[in-house]
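See structure below.
Number of protein chains: 2
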Amino acid sequence: MTNMNASAGDSLSLALGALADPTRRAMLARLAQGEATVTELASPFDISLPAITKHLKVLERAGLITRSVDAQRRPCRLRPEGLQPAADWLEGYRALWEQRMDRMSEYAERLARDEAERS
Amino acid sequence: MTNMNASAGDSLSLALGALADPTRRAMLARLAQGEATVTELASPFDISLPAITKHLKVLERAGLITRSVDAQRRPCRLRPEGLQPAADWLEGYRALWEQRMDRMSEYAERLARDEAERS
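Chains as they are written, first to last, in this note's numbering: chain A, 1 to 119; chain B, 120 to 238.
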């Protein structure tokens, strides 16, 4: 019996876990438009500043954003290349869902044809 | 101030959360080869059967697998189309990381050229 149960702290798991929250995804969408301060990032959300900071820490730990250490404003920046491993993992399954979609539309076409022949 | 903090139970968050675990990703990789019983899915892992069952429930709730209710073996099947929303979300950022990669290789080429000119 091989132990395939790798640490949940691996970078792919961290990235996917960070993305599994709608507030954090909305923050990344905002940062895709350009860098933003914590206050700017917080403004659309009806949640506390400590909660925002916690979300930012999750994103930073997952390698999806960076924060400048020297500048006083400490703007956050998207680190888009941090998303690539998750996208690559999912792409490995694309052929499977596309085959499924093809089979489903073939089936729907066959049903429609049978229906037309009967009537 | 708009409340953009949608429920973390939305289907995209559920799918990403389910994927944020190496054991669950390994189970999906196994199911991509074909249906499997719980015992078959459990065999490569050094974890308890209740833990395996819990992982399967997370995957099922996220719409990434299905389990037959009638058959005695109750095999699990991959539901690959459940992965598509997560892949679509990530694809929205592909242009950003590709631009970044292009800029990084341009920068590396410029450094190499400058170095060659100096020597």
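Don't be surprised by glycine CBs; every beta carbon is placed ideally from N, CA and C.
Fair warning: this is a prediction, and the values are worked out from it, not measured in the lab.
Residue j beta carbon less than 7 Å from that of residue i
i	j	result
residue 32(A)	residue 78(A)	yes
residue 178(B)	residue 229(B)	no
Buried or exposed by the 16-neighbour rule on C-beta atoms within 10 Å, applied to residue i
i	result
residue 21(A)	buried
residue 220(B)	exposed
residue 155(B)	buried
residue 212(B)	buried
residue 104(A)	exposed
residue 51(A)	exposed
residue 137(B)	buried
residue 42(A)	buried
residue 49(A)	exposed
Beta-carbon proximity list for residue i, same chain, < 8 Å, skipping 5 on both sides
i	result
residue 63(A)	11, 14, 15, 79, 82
residue 193(B)	156, 157, 186, 187
residue 55(A)	21, 23, 24, 27
residue 180(B)	133, 137
residue 98(A)	none
residue 121(B)	Per-residue confidence for residue 121(B) stands at a pLDDT of 37, beneath the threshold of 50, marking its modelled position as unreliable; the derived number appears in the next sentence. Excluding positions up to five away in sequence, the list is empty.
residue 166(B)	142
residue 53(A)	38
Proximal residues to residue i (C-beta, below 6 Å), its chain only, five neighbours per side dropped
i	result
residue 86(A)	15, 16
residue 125(B)	Note on residue 125(B): pLDDT 45, under 50, position unreliable in the model; the coordinate value appears next. Cβ neighbours of residue 125(B) beyond the five flanking positions: none.
residue 123(B)	Any reading at residue 123(B) must be qualified, since the residue scores a pLDDT of 42, below 50, and its modelled position is unreliable; the value itself is stated next. Within the same chain, residue 123(B) has no close Cβ partners at all.
residue 232(B)	none
Bridge partners - residue i, DSSP secondary structure assignment
i	result
residue 197(B)	184(B)
residue 155(B)	195(B)
Same chain, Cβ closer than 7 Å to residue i, five either side skipped, listed in chain order
i	result
residue 149(B)	155, 160
residue 210(B)	none
residue 208(B)	131
Return the residues of the stretch 49–67 of chain A that lie within a Cβ-Cβ distance of less than 7 Å from chain B, sorted by chain order.
Of all residues in the stretch 49–67 of chain A, none comes within less than 7 Å of chain B when Cβ atoms are compared.
Mind checking the stretch 90–101 of chain A against chain B and listing, in chain order, the residues whose C-beta falls within less than 9 Å of any C-beta there?
Near chain B, meaning a CB-to-CB distance below 9 Å, the residues of the stretch 90–101 of chain A are 90, 91, 92, 93, 94, 95, 96, 97, 98, 99, 100, 101.
Residues in the stretch 17–46 of chain A having any Cβ partner in chain B nearer than 9 Å
Taking 9 Å as the Cβ-Cβ cut-off, the stretch 17–46 of chain A approaches chain B at 17, 18, 19, 20, 21, 22, 23, 25, 26, 28, 29, 32, 43, 44, 45, 46, given in chain order.
If the cut-off is 8 Å on Cβ atoms, which residues from the stretch 105–116 of chain A count as contacting chain B, listed in chain order?
Using a CB distance below 8 Å, no part of the stretch 105–116 of chain A faces chain B.
Residues, ordered as in the chain, of the stretch 188–200 of chain B that lie near chain A by beta-carbon distance below 8 Å
Result list: 197, 199, 200.
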